[in-house]
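A short write-up of the structure that comes next.
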Amino acid sequence: MPKVIYIDANGGEFEAEVPVGQNLMEGAVDNMIDGILGECGGVMSCATCHVYVPKEWEDKLPPASEREEDMLDMAVDPQDNSRLSCQIEMTEELDGIVVHMPRSQF
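In our numbering, the protein residues as written are 6 to 111.
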């Protein structure tokens, strides 16, 4: 099963297996990883699953939708590589993806 490495704002690393087809927010919640709350359940209305995606992984993701970009504008400390983890669906190609959680979610 593909794996995700979640890194919190203090540099702590948490590895979790996330089934293909499940999004990274669900993977974090299912594995009780602190820092990704997913309060809205993945319907893009809260941004509590905000993550930063390193450059080497950005090209492997579909671009953010206009709606996701609008929600990220309301997130605390958005950056050019910000994404909502509820909008990143796990694929075999994403095995080993690393995402960083913002300090605001720590």
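We treat Cβ as the ideally placed atom computed from N, Cα and C, and that holds for glycine.
- Simplified DSSP state of E63, which is helix, strand or coil: helix
- Item | Proximity of M106 and N28 at Cβ, strictly below 8 Å | no
- Run the CB neighbour count on A33, radius 10 Å, all protein chains shown included, and call it buried at 16 or more, exposed below. buried
- When the Cα atoms are used, what is the spatial distance from F2 to A69? Outside the modelled stretch of the chain, which goes from 6 to 111, sits residue 2, for which no answer is possible.
- Message: Between N15, E63, C91, C54, which has its C-alpha nearest D85's C-alpha?
- Response: Comparing Cα-Cα distances from D85 to each of N15, E63, C91, C54, the minimum goes to E63.
- Throw me the rounded Cβ distance for the M30 and S90 pair, which I believe falls under 8 Å. For M30 against S90, the beta-carbon gap comes to about 4 Å, under 8 Å, which counts as contact.
- Message: Give me the DSSP bridge partner(s) of S87.
- Response: S87 is bridged to Y57.
- Query: Which partner residues does F19 have in the DSSP bridge list?
  - Reply: Y11
- When the Cα atoms are used, what is the spatial distance from S109 to V23? 24 Å
- On the DSSP bridge assignment, give the partners of I102 in chain order. V9
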